[in-house]
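If you're matching them up, the sequences are chains A and B in order. When we follow the numbering used here, the leftmost residue of the first sequence carries the number 11, and every step to the right adds one. When we follow the numbering used here, the leftmost residue of the second sequence carries the number 50, and every step to the right adds one. Built from N, CA and C at the ideal position, the CB exists for glycine as well. From a predicted model like this one, the values you see are computed outputs, not experimental measurements.
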Amino acid sequence: MSNIPDELAYSAEHEWVAGDPEAGGVVTVGITEHAAQALGDIVYVEAPRVGDTVVAGEVCGELESTKAVSELYSPVSGTVTAVNEGLESSPETIGSDAYGEGWIYKVELSETPADLLDAEAYAATIA
Amino acid sequence: MSDALRSPLHDRHVALGATLVPFAGWEMPVRYSGDISEHTAVRTAAGLFDLSHMGEVAVRGADAAAFLEHALVGRISAVALGGAKYSMMCTPEGGVVDDLIVYRRDWDHFVVVANAANKDVVLAELEVRLAGFDADVEDISAEIALIAVQGPRAEGIVARMCARGADDIVAMRYYSAVNVLLEGDIHAFVARTGYTGEDGFELFVNAADATAVWDLALAAGEGDGIVPCGLSSRDTLRLEAGMPLYGQELSRDLTPFDAGLGRVVVFGTPAKPRGDFVGRDALLKVKAAGPERTLVGLVGDGRRAARAGYAVLDAEGAEVGEVTSGAPSPTLGRPIAMAYVPPALAEPGTVVGIDVRGRREDMTVVALPFYSRAS
């Protein structure tokens, strides 16, 4: 079973959310270790850009691995305030440090997210 | 995957933490430690592959050679004892039924190795085409396990696995095959063939000996850094080597000439005649007319890879062809692909566009293969 830190919130689409998920707050988003392992070696990350609007449950980017391309869904709604530039040259960081240096983007929330799961609930979805 | 067939090495894959996927009716490892690390291991040291899903058909009888020369497009009668030949089975219209390797074990004994997905079709066609020949055809797939050791270190590894025959392993030419006795009193038919573009060996053993041979290979190769490799790395390795995959570069709708493999079709000459074969007349016409499409290699400068099925676009954005295979190349560090394009766009250096999920990415035509091993 992959690592699922207790202090984070999760989506059913295998993203994690760090920070204070309330309207007006800024959160950090990435994908879980479970998702990173399933993707295999990630070779290219197409993240949303600073200033983009993201909508909870909708596709906001792509993750390309050697074998396939996966859509990146946003777990929250709001405006993108920062993007992890390091993933441009080192996309494999998502695989090696999914919850730390592998963060993908930050969002200023336009609304409180409704459907996030806690660690236990997320673990149950992938069991 | 309760309906899927399991390899005799299934328990080994599970114990190694392999990710198993359905493939041609089998449950096979797509990766163990990582796609790129497995690919790199084959290019720099050695990889170990379970190929037990492939189909093996034994062809025996006084007319075995003449029969195969009729059923397939190549000059099978010219294959020497202990030789191997890459060939194809075509329909009467010249479409490819399968690409396969034929091994000559004796004057009247051949083994045909077919793609897993095509084994039943190849077997059925061989049986139909047998009419009038003194030979018989037997599906031996279930009795055989096929294990491959591929990479620059493969020769030393396989030689170390032998109780008898190590000298043959070292001396044998590429595309030949020998019988050896492996440690543990295990008989193996070993071919110096492969699907990676590296030196390598494919070991045909009894299914009951599969786990022993797998363990023997891992032990013999430990010092060289052998790693188990799955279907994902197998695909990127053969793509870099410019080798076709049936179902992508080859199909019943395509002829060997479309795929740039007209060399496998031998029509014969007055000086060196060759009997009739299935598809001969149609293929003669195709060869004379010239191809309507050409298989080319493509390399990209961007980061997004072309994938099978993506459209090839001309300068005006019109759809003119289709990508058959594509992936990021671990060795080249760039996306590579194979695609069918109009012959007018097949010149190396031509730039074409690929529709990569709604955005155009440019790729440049290059001669295949993308990668060749140092001799």
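- Ranked by how close their Cα comes to the Cα of Pro340/B, the residues Val122/B, Arg353/B, Lys321/B, Asp302/B have Asp302/B in first place.
- Here Leu299/B is bridged, per DSSP, to Tyr295/B.
- In its chain, beyond the 5 residues on either side, Glu371, Val372 have a beta carbon closer than 8 Å to the beta carbon of Gly358/B.
- Excluding its 5 nearest sequence neighbours in each direction, Leu299/B has C-beta neighbours in its own chain below 7 Å: Val145, Asp148, Pro293, Ala308, listed in chain order.
- Note that the C-beta distance between Gly200/B and Asp248/B is below 9 Å.
- Within the region 271-297 of chain B, Ser281, Thr285 place their CB atoms closer than 7 Å to a CB of chain A, listed in sequence order.
- If you keep only unbroken beta strand (DSSP E) runs of at least 3 residues inside the region 85-129 of chain A, you get 88-93, 115-119.
- Look at the beta carbons and you see the region 390-397 of chain B not touching the region 97-116 of chain B: under three pairs across the two are nearer than 8 Å.
- For the pair of segments examined, the region 168-180 of chain B was found not to touch the region 231-239 of chain B: the number of CB pairs separated by less than 8 Å stays below three.
- For Gly358/B, no Cβ of chain A is located within less than 9 Å of the residue's own Cβ.
- Of all C-beta pairs linking the region 75-89 of chain A to the region 107-117 of chain A, three or more are shorter than 8 Å, placing the two stretches in contact.
- For the 9 Å CB-CB criterion, Ile104/A and Ser12/A do not form a contact.
- By the criterion of a C-beta distance shorter than 8 Å, Ala133/A is surrounded in its chain by Met11, Ile14, once the five residues flanking it on both sides are discounted.
- Here His44/A carries a helix assignment [DSSP, helix/strand/coil].
- By a beta-carbon distance limit of 8 Å, Ser374/B contacts Ala386/B. Their separation comes to about 6 Å.
- In this chain, the alpha helix (DSSP H) harbouring Thr260/B covers 259-270.
- The region 206-226 of chain B makes contact with the region 261-277 of chain B: 3 or more CB pairs, one atom from each, lie closer than 8 Å.
- Contact with chain B is absent for Asp62/A, since none of that chain's Cβ atoms lies less than 9 Å from the residue's Cβ.
- For the pair Asp284/B and Ala376/B, the CB atoms are nearer than the 9 Å cut-off.
- At least 9 Å separates the CB of Thr38/A from every CB of chain B.
- In this structure, the alpha-carbon of Glu289/B lies about 38 Å from that of Ala320/B.
- For Glu76/B against Ala90/B, the beta-carbon gap comes to about 23 Å, at or over 8 Å, which does not count as contact.
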